[in-house]
Structures are given as structure tokens and as C-alpha cells.
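Peer 1:
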Amino acid sequence: MGDVLAGIHATWEFEPDSVLIRFTRGNRGAPKLFQALGERRIPLEALESVTLSPGKRGTVVLHTVPRPGADPLMDAAAGQLKDGCDPYRLVLPAERETLAEYYADELRAVLPGPGTGPAGRYLVASSVAAPLQFKAYDGKATFDGDKVSFRWSWTGASSAKWKAGDQTYAVSELSGVEWRSPDVFDGYLRLLPRGADPAARPAQADQDPAAVVFGLGYGPLHESLPFAAAVLEAVRDATPVLPLAPAVPHDPAGVAERIRHLGELHSAGLVTDEEFHAKKAELLAEL
Numbered sequence: 002m003g004d005v006l007a008g009i010h011a012t013w014e015f016e017p018d019s020v021l022i023r024f025t026r027g028n029r030g031a032p033k034l035f036q037a038l039g040e041r042r043i044p045l046e047a048l049e050s051v052t053l054s055p056g057k058r059g060t061v062v063l064h065t066v067p068r069p070g071a072d073p074l075m076d077a078a079a080g081q082l083k084d085g086c087d088p089y090r091l092v093l094p095a096e097r098e099t100l101a102e103y104y105a106d107e108l109r110a111v112l113p114g115p116g117t118g119p120a121g122r123y124l125v126a127s128s129v130a131a132p133l134q135f136k137a138y139d140g141k142a143t144f145d146g147d148k149v150s151f152r153w154s155w156t157g158a159s160s161a162k163w164k165a166g167d168q169t170y171a172v173s174e175l176s177g178v179e180w181r182s183p184d185v186f187d188g189y190l191r192l193l194p195r196g197a198d199p200a201a202r203p204a205q206a207d208q209d210p211a212a213v214v215f216g217l218g219y220g221p222l223h224e225s226l227p228f229a230a231a232v233l234e235a236v237r238d239a240t241p242v243l244p245l246a247p248a249v250p251h252d253p254a255g256v257a258e259r260i261r262h263l264g265e266l267h268s269a270g271l272v273t274d275e276e277f278h279a280k281k282a283e284l285l286a287e288l
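If you read the sequence shown in my numbering, its first letter stands for residue 2, the second for the next number, and so on.
Take a look at the structure:
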């Protein structure tokens, strides 16, 4: 698409095969997670749906939903992110609703759709590269791209962890990561060793040498969640890649409707002559 839609905490640049999300840096009201992510390129094949709805205090929200298994960050979050920290939500002033509706329609026309199913591999690359580290309540967690290490603290670690000693796990030894938000009382990051019996795992994360626990000021979301996502991405990269879903053919009637909508935006002065003719040519080329 090649167009830019600027929101309150982020800017979305629409490209033919992806959406480039740039999060605003230095904005005091922006979530720290956004500032940590910096920017993310979201392939259109990674998205399942898009909605536009009223927001708070004179805003509208353009919200895309990734396919299951397409984004390691959202897989790690497992539905625990609050709306304000969801990187797939673009909050806009209400006066941009018409333009946002146009982009929502453009996305709907090219997305694979909810029937596509889970992605066979991660389609969204992590924007926070290793090495990574954060301080947990009972130790320090580090990830260098190949292995995860836990080094226990003198004051916070349980006797079970001190008895087990500092831990190091190669990515090849892991089947996944379990992240429980630091916003809840018993938040933690737990590694899932490949082939381990879940029934033999300690029920409490503070007794598990494969886990670190969070606490007030420890394991903050903007540090521990990208950490978990990077480990998940590395684990998935070691697995076989499944074939991608076939592309969905374009519907001539749908293209005609998008051209009509584009004409309305042009007549309203929301799209320039150059943008109108360029976009119309793109749409006609899809037929």
C-alpha cells in the first residue's frame, strides 16, 4: 500500500506484503514495552483479522489480530497483555476514523482470514535481539541467542535452587517457555526442558531450577516478555518449517468496492490526486 497512518503511540506504514509498525520513542505516555520493541514488520500472512472500534476520550482503535503461532511475542504473552500494551492496537484521534476505515478495508481484502489456521512457523521476527538479560527476584536471567542461564541471588533464591546450583539450558534442550505476567502476584518465567515429565515439575516456580520468579520491580514486562519471546523464537527456529497456506485469490467485486471507497476518500480530500491514481492502478492490477 505504501501509505502511513500515524497514531498516538505508533505509526503504521502499509506496504504491499506487510505492515511496518514504528513505536514512538521518547513519548512519556507510551508503554515501556513499545519503547523496547522499537519497530516491528508484520507480514500480512501473519494476520488473521482487523477491526475498527471506538476508543476512549475521542479516539478510535485500529486493531489487527495475529494468527496463532505467527508471533513469538504474542505466543509468550498468551493473552495476558492489557489493551494498552497490545502492539497490534493503533490508537488514533477520532477525526481520522474515515481514513482508518479505509485502511481496515484494504487489510481485510488481502488477509488470509480466520480459516487459515495456525502458522507453521514464526512469521514475525523479534525486534529485540540477543543478548538479553533481566533481573528477577531470585536471580539474573541471560540469553545469548544459543543458551539461557539463571544465576541465583543470595537473598531471593530458595534453598531448592541453591542446592541445584546456577542453571544453563541450550536452546536445543528446550521445547518452550512459560511466561506469567509480572503484573500478577506470582509472575514468573519458566523454561520447559524437552522430554521432561510435566508431572515431575515443581508446582511452585520458586522451587523450580528451570524458572525465575518476578516481584515488585523485578522481571518487568518490557524486559521479561521480549526475553521470553526471543527464547521461543530460537526454539521454534530449530523445528521443521511447515508449508505456508496458499494465497487467497482476489475477488473482482471486492476490488471494485475498494476502488469506489477510494474514490469517496479522493472526493472528500483525504487522498491526493497522485495517491488516488497510484492506488487505483494497484487495485486494477489485482484483477
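All C-beta atoms in this analysis are idealised placements derived from N, C-alpha and C, irrespective of residue type, glycine included. All figures in this text were calculated on a predicted structure; none of them were measured in a lab.
Taking only runs that begin and end inside the segment 179–248, name each unbroken alpha helix (DSSP H) of 4 or more residues, in chain order.
Peer 2: 222–238
Peer 1: Is the Cβ-Cβ distance between VAL125 and GLY8 less than 8 Å?
Peer 2: At a Cβ-Cβ threshold of 8 Å, VAL125 and GLY8 do not count as neighbours.
Peer 1: LYS83 to GLU179, Cα distance in whole Å?
Peer 2: CA-to-CA, the gap between LYS83 and GLU179 works out to about 18 Å.
Peer 1: Is LEU217 buried or exposed, if buried means 16 or more other CB atoms sit within 10 Å of its CB?
Peer 2: exposed
Peer 1: Does DSSP put ASP4 in a helix, a strand or coil?
Peer 2: strand
Peer 1: Starting from ARG26 and walking both ways along the alpha helix (DSSP H), at which residues does that stretch end?
Peer 2: It is not in any alpha helix (DSSP H) - ARG26 carries neither H nor E in the DSSP assignment.
Peer 1: By how many angstroms is the C-alpha of ALA31 removed from the C-alpha of THR25?
Peer 2: 7 Å
Peer 1: Please state the DSSP three-state secondary structure of HIS10.
Peer 2: coil
Peer 1: Would you list, in sequence order, the uninterrupted beta strand (DSSP E) runs of no fewer than 3 residues that lie entirely inside the segment 122–182?
Peer 2: 133–136, 140–144, 148–153, 168–171, 175–181
Peer 1: Can you list, in chain order, the residues of its chain whose CB lies under 6 Å from that of ALA235, leaving out five sequence neighbours each side?
Peer 2: Same-chain partners within the cutoff: VAL172.
Peer 1: Below 8 Å on the Cβ atoms is my contact criterion, and I expect ASP1 with SER154 to pass it. Report the Cβ-Cβ distance as a whole number of Å.
Peer 2: An answer regarding residue 1 cannot be provided, because it is not within the stretch 2 to 288 covered by the chain.
Peer 1: Assuming ALA77 and ALA230 are in contact, meaning their beta carbons sit under 8 Å apart, how far apart are those beta carbons, in whole angstroms?
Peer 2: Contact annotation, ALA77 with ALA230: C-beta distance approximately 5 Å; criterion of less than 8 Å satisfied.
Peer 1: Would you call the segment 99–114 and the segment 59–66 in contact, with 3 or more CB pairs under 8 Å?
Peer 2: Yes, the segment 99–114 is in contact with the segment 59–66.
Peer 1: Can you grab the Cα-Cα spacing for the pair PHE15 / LEU263, in whole Å?
Peer 2: In this structure, the alpha-carbon of PHE15 lies about 15 Å from that of LEU263.
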